[in-house]
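Engineer:
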Amino acid sequence: MPELPEVEVTRLSFADRIKDAQIVSVRMGKPLRWPLGCDVDLLHGRWVRGVRRRGKYLLLDLDEGLLLLHLGMSGSLAFSDATSAPGAHDHFDMVTTQGTLRLHDPRRFGAVVFAAEQTSSVVQKLLGHLGVEPLTEAFELRAFHAGLRTRSAPIKQVLLAGDLVVGVGNIYASEALFMAGIRPTTRASKIGLERAGRLHRAIQDVLRRAVQQGGSTLRDFSNAQGQTGYFQLEAMVYGRENQPCRTCGTPIQSIRQGQRATYFCPQCQKP
DNA sequence: AAAAGCCCCTGGATGC
DNA sequence: TGCATCCAGGGGCTTT
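Under this note's numbering, the letters of the first sequence match residues 782 to 1052, in that order.
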């Protein structure tokens, strides 16, 4: 579920409340993708200084060290009643002086990892290879185009790889490529400056709009306040196989790229 | 270096 | 109703 917009919406929904909270206790449930990397007792008494986002990772800066949190495919965070017993899929509870943050993640592709410092090897391993943040000034067209030029893989998969630009997952890759009029199978290296410019704008536009809409709720995404997203209602191609293109009426096609569904309009999107 | 495939895991939808 | 199969928003790791 969670791509950049959902992760950012999640961050915005709990960052203010958790900032400057003191951790009272931490409970881990079933194993997530990786072990926490420290004893939970080590976290007790630490202060949360702020919450950042890097790609699809949430970074909780503590007075000493930080927590890297990933929602995987099915994760969501919520403030929970401190007295409510954890459900079968609640695998991380962080009780703080400002409320209890709970990670619900049925598929357990998510993760909560402690790093003693910003330069820890685990931070480097998880974040070191990430590309540029698309909603910052650092996302510059020339560099983006230059990056595309060096890749022979289909553009959809280059976007998903996250080492050129981060945060674009399966939904927003299809949507951005539709907006840019580019066929997802087009090799990245074949995209000229003009089309790269359209894609560059489309990525920023679609991600910004999705954040404004509270993200996409396909199955069960909600932010830490329990609110669902609405962007899925605006999807031009994602999940719309065989339905008429909202622009030209041609049936939307679905193909598989790298074990994932891709949707596009064969008329509006050129190879 | 880059690309392609393989998994991790559970639940819901679909088909027989 | 029961059971098998397929699919799902991610991404690190291994192999080519």
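Backbone N, C-alpha and C define an ideal beta-carbon position, used for all residues, glycine too.
1. Any idea what DSSP makes of V829, helix, strand or coil?
2. For D874, is the classification buried or exposed, using 16 other Cβ atoms within 10 angstroms of its Cβ as the cut-off for buried?
3. Is there contact between the stretch 900 to 907 and the stretch 975 to 988, where contact requires at least three CB pairs shorter than 8 Å?
4. Can you tell me whether DSSP reads S794 as helix, strand or coil?
5. Which stretch, first to last residue, makes up the beta strand (DSSP E) that contains I804?
6. Could you tell me which residues DSSP puts in a beta bridge with H872?
7. Is it true that the stretch 931 to 938 meets the stretch 959 to 969, where meeting means three or more beta-carbon pairs spaced less than 8 Å apart?
8. For R833, which residues in the same chain have their Cβ closer than 6 Å to its Cβ, ignoring the five residues on either side in sequence?
9. Using 9 Å as the threshold, is the C-beta distance between G1039 and L941 below it?
10. State the beta-bridge partners of P1025 as determined by DSSP.
11. Going by C-alpha distance, which of R798, A1042 and E784 is nearest Q1006?
12. What distance in whole Å lies between the Cβ atoms of C1046 and I1036, which are believed to be in contact at a cut-off of 8 Å?
13. Considering only their Cβ atoms, is the gap separating G1010 from P816 smaller than 9 Å?
Structural biologist: Checking against the coordinates, here is how it stands:
1. strand
2. buried
3. As far as the Cβ criterion goes, the stretch 900 to 907 does not touch the stretch 975 to 988, which means the pair count is below three.
4. Reduced to three states, the DSSP call for S794 is helix.
5. I804 to M809
6. Per DSSP, none; premise fails for H872.
7. yes
8. Around R833: L840.
9. Yes. Within cutoff.
10. P1032
11. Checked all of R798, A1042 and E784; the closest Cα to Q1006 is R798.
12. About 12 Å; that fails the 8 Å criterion.
13. no
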